[in-house]
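Residues in the sequence shown are numbered consecutively from 1, following UniProt numbering. What follows is a short report on a single structure.
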Amino acid sequence: MDLEINRSTAGEPGQGFDDDTIKRIHDEFEHLNFQYQTELNQQLQKGVMLFASATTRNNYHKNRYSNILATESTRVKLIAHRDLFLDSDYINANYIDGEIPGSKKTYIACQAPLPSTLSHFWLMLWENESAVIVMLTRLCERERVKATAYWPEDVGEKKHFGPFCVTYVKGKIINTYLEQRVFEVEHAGQTRQIIQLHYTEWPDFGTPESTQTIRELVGLMDVYRMKGKLSGLGGPIVAHCSAGVGRAGTFVAIHICLEKMKYFNSLDQVIDIPRTVMLLRQSRTGMVQTPEQYRFIYDVVRDARQEFKERAQRVFAAPGPSQVDGDFKRPHTTKRSKMLDGEWVDPPRSLRSSCAACYTASSSLSLASSSPYAVVAGDSSSSEASELYVSGPTTAEERRKAFATTEKKRRLSFSRS
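This is how it looks when you write it as structure tokens:
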């Protein structure tokens, strides 16, 4: 069954899929919830202390919500808490791994600071050498406090949070939904610059109006993350909303999927959204709270894949040097070649094949017969087609085998090219 994309509304949550597919995605989300709750109950029955530190007498008041606690095995521990006269190393925050090589502890997902945990928050940022904060909530929503401001109110103002002196260096309203703030943080004779990207138009338990705005946020975040690495701050991206699981979980899941697309530079890599969400929940309970948020991950991946496809078509349609300049020719150069560092090179064979599939693919998404929840992009009738699977609730073993097989093919393809 083909699922036609509505081109006029592509980019709006849920508008690119028909009602039947949206229902299937929602059913998939319910299946994930059931699967996760079953695994959680099994661990509790075995006596596993999933939230041991979060529920102690000293720490319980540090949780903004009584049902959103930091999972013990992945929680961020404040090493120098005694130097700040803090009564424990606890903060409601968890490390989250990415899914590409070298992406361990890529993220910290956390709740918004409370008035009593502001110094805890800055200590976490400092110890983990984080350069970028992504804030996905307003300070107040629907007349309820969702976060405590952990920065000075005015540009140029300084404010102390325990031993940390934070200066609000400059701010910029990038557009109607995104604000950027630059902080200088002084501690123990050192000064660091930290960027906060504040996305203000994501309603609690809801989704943004457009996938494009989130992809723009991701792009800007990646730029500042790279700048942070160059300045010696290569720590995790700190993402928070109010509770640190719904909007923050959705954002982290989206970034993980987009990072996989960039890393493999192809459309034929498995983007297993159910697997990604389950892994997130193993690191921090409750990640991705609503069916709408879960569907929004699909929306962003779909639109990013379409953008990737269109960009690849433009690259391969561009004339090579033999067509542009008669004096600058290279043997075997075709119009699929592109310029890198001043030299014309052929793209990897794997990317050529994936873009060949783009040419043969229709502008629709097809529902794969092999899985009731697999969204396939490309011409599945062609043996050369490269497909992007967004697979659904198969067994854990099947998901593991599919992921391992695809990754093996990708690596073999890159090595040959």
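For glycine and all other residues, C-beta sits at the position ideal for the given N, C-alpha and C.
Own chain residues within Cβ distance below 8 angstroms of PHE121, not counting five before or after: Here residue 121 refers to the residue found at position 121 of the sequence shown. By the criterion of a C-beta distance shorter than 8 angstroms, PHE121 is surrounded in its chain by ILE91, CYS110, PRO113, TYR150 and PHE161, once the five residues flanking it on both sides are discounted.
Simplified DSSP assignment, three categories, for THR167: Residue numbering aside, residue 167 sits at position 167 when the sequence shown is read from its first letter. Strand.
Proximity winner among VAL315, PHE316 and GLY286, relative to ASN37 (alpha-carbon distances): On the sequence shown, residue 37 is found 37 positions in, with the first residue counted as 1. The question names Asn, but residue 37 is Gln in the sequence shown. Measuring C-alpha to C-alpha distances from GLN37 to each of VAL315, PHE316 and GLY286 identifies GLY286 as the nearest.
Inter-residue Cα distance where the pair is TYR294 and ALA188: On the sequence shown, residue 294 is found 294 positions in, with the first residue counted as 1. On the sequence shown, residue 188 is found 188 positions in, with the first residue counted as 1. Spanning the two alpha carbons is a distance of roughly 42 angstroms.
Beta-carbon separation (whole angstroms), VAL288 vs TYR224, contact threshold 8 angstroms: Locating residue 288 in the sequence shown gives position 288, counting from the first residue. Locating residue 224 in the sequence shown gives position 224, counting from the first residue. With a Cβ gap of about 24 angstroms, VAL288 and TYR224 do not count as contacting.
CA nearest to the CA of LEU139, picked from SER66, ASN265, PRO203 and THR74: As a working mapping, residue 139 is identified with position 139 in the sequence shown. Checking every option, the nearest Cα to that of LEU139 belongs to PRO203.
Alpha helix (DSSP H) segment containing VAL277, residue limits: Here residue 277 corresponds to residue number 277 of the sequence shown, with the count starting at 1. Boundaries of the alpha helix (DSSP H) harbouring VAL277: 273-283, taken from the DSSP string.
Cβ-heavy atom distance, GLU129 to the ligand NAP, below 7 angstroms: In terms of ligand content, the structure shown is empty, and the ligand NAP therefore cannot be addressed.
Close Cβ partners of PRO152 (< 6 angstroms) along its chain, the five nearest in sequence each way excluded: In the sequence shown, counting from the first residue as 1, residue 152 sits at position 152. Apart from sequence neighbours up to five positions away, the residues of its chain that approach PRO152 with a beta-carbon distance below 6 angstroms are LYS159 and TYR168, ordered along the chain.
Assigned secondary structure, MET241 (DSSP; H/G/I helix, E/B strand, else coil): Start at 1 with the first residue of the sequence shown, and residue 241 comes out as number 241. The question names Met, but residue 241 in the sequence shown is Cys. In the structure shown, the three-state DSSP call for CYS241 is coil.
Residues bridged to LEU197 [DSSP beta-bridge criterion]: Your numbering for residue 197 matches position 197 in the sequence shown. According to DSSP, LEU197 bridges with VAL134 and GLN180.
Residue burial classification, ARG82 (beta-carbon count within 10 angstroms, cutoff 16): The sequence position of residue 82 within the sequence shown is 82, counting from 1. Exposed: under 16 other Cβ atoms inside 10 Å.
Closest by C-alpha distance to ALA80, when choosing among GLN42, ASP303, MET124 and GLU216: As a working mapping, residue 80 is identified with position 80 in the sequence shown. Looking at the Cα atoms, MET124 is the closest of the given residues.
CA nearest to the CA of GLY156, picked from PHE183, SER116, GLU143 and LEU78: As a working mapping, residue 156 is identified with position 156 in the sequence shown. The residue with the shortest Cα to Cα distance from GLY156 is PHE183.
Local conformation of GLU127 per DSSP, three classes: Your numbering for residue 127 matches position 127 in the sequence shown. In this structure, DSSP gives GLU127 a helical state, which the three-state scheme calls helix.
DSSP-derived helix/strand/coil call for HIS81: For the purposes of this step, residue 81 is identified with residue 81 of the sequence shown, where counting begins at 1. Residue state for HIS81 is assigned as coil, using DSSP reduced to three classes.
Sequence-distant residues of its chain with Cβ nearer than 7 angstroms to ASN58 (five each side left out): The residue labelled residue 58 in the question sits at position 58 within the sequence shown. Cβ neighbours of ASN58 beyond the five flanking positions: ASP87 and SER88.
Extent of the continuous beta strand (DSSP E) run through PHE161: Here residue 161 is taken as the residue at index 161 of the sequence shown, counted from 1. Residues 158-161.
Separation of PHE251 from CYS355, as counted between CA atoms: Locating residue 355 in the sequence shown gives position 355, counting from the first residue. Locating residue 251 in the sequence shown gives position 251, counting from the first residue. With a pLDDT of only 39 at CYS355, under the threshold of 50, the placement of this residue in the model should not be trusted; the figure read from the coordinates follows. Going by the C-alpha atoms only, they are around 28 angstroms apart.
Inter-stretch contact at 8 angstroms, needing at least 3 Cβ pairs: the stretch 261-281 / the stretch 225-232: The stretch 261-281 vs the stretch 225-232: no contact.
Whole-angstrom distance between ASN41 and VAL145, CA atom to CA atom: Counting from one through the sequence shown, the residue named residue 145 turns up at place 145. Counting from one through the sequence shown, the residue named residue 41 turns up at place 41. Taking C-alpha positions only, VAL145 is separated from ASN41 by approximately 32 angstroms.
Opening and closing residue of the alpha helix (DSSP H) in which ASN33 lies: Position 33 of the sequence shown, counted from the start, is the residue given in the question as residue 33. Unbroken alpha helix (DSSP H) run through ASN33: 19-45.
Proximity below 8 angstroms, CB of THR211 to CB of ASP303: Against the sequence shown, residue 211 aligns to sequence position 211. Against the sequence shown, residue 303 aligns to sequence position 303. Against a cut-off of 8 angstroms, the Cβ pair of ASP303 and THR211 comes out as a contact.
Residue nearest to SER73 in terms of C-alpha spacing, selected from LYS262, TYR95 and ILE174: The sequence position of residue 73 within the sequence shown is 73, counting from 1. If you compare the alpha carbons of LYS262, TYR95 and ILE174 with that of SER73, the shortest gap goes to TYR95.
Proximity below 8 angstroms, CB of PHE85 to CB of TRP126: Indexing the sequence shown from 1 puts residue 85 at position 85. Indexing the sequence shown from 1 puts residue 126 at position 126. Contact: no.
Element boundaries [alpha helix (DSSP H), containing ALA317]: One-based indexing of the sequence shown puts residue 317 at position 317. Here the alpha helix (DSSP H) through ALA317 covers 291-317.
Neighbour-count burial assignment, ARG314, 16 or more Cβ in a 10 Å radius: Here residue 314 refers to the residue found at position 314 when the sequence shown is read from its first residue. It counts as exposed.
Candidates THR148, TYR107 and ILE25, of which the one nearest SER283 by Cα: By one-based count along the sequence shown, residue 283 stands at place 283. Closest by alpha carbon: TYR107.
Where GLU143 sits in the DSSP three-state scheme: Numbered from its first residue, the sequence shown carries residue 143 at position 143. Note: GLU143 maps to coil in three-state DSSP.
For LYS172, the residue or residues it bridges with in DSSP: Indexing the sequence shown from 1 puts residue 172 at position 172. The partner list for LYS172 (beta bridge, DSSP) reads GLN180.
Residues bridged to ALA109 [DSSP beta-bridge criterion]: In the sequence shown, the residue the question calls residue 109 occupies position 109. Partner(s): ASN94 and ALA239.
Chain-order list of residues whose beta-carbon lies under 6 angstroms from that of THR290 (same chain, five-residue window excluded): To locate residue 290, count along the sequence shown from 1; it is residue 290. Spatial neighbours of THR290 in its own chain (CB-CB distance under 6 angstroms, excluding positions within 5 residues in sequence) are listed in chain order as PHE205.
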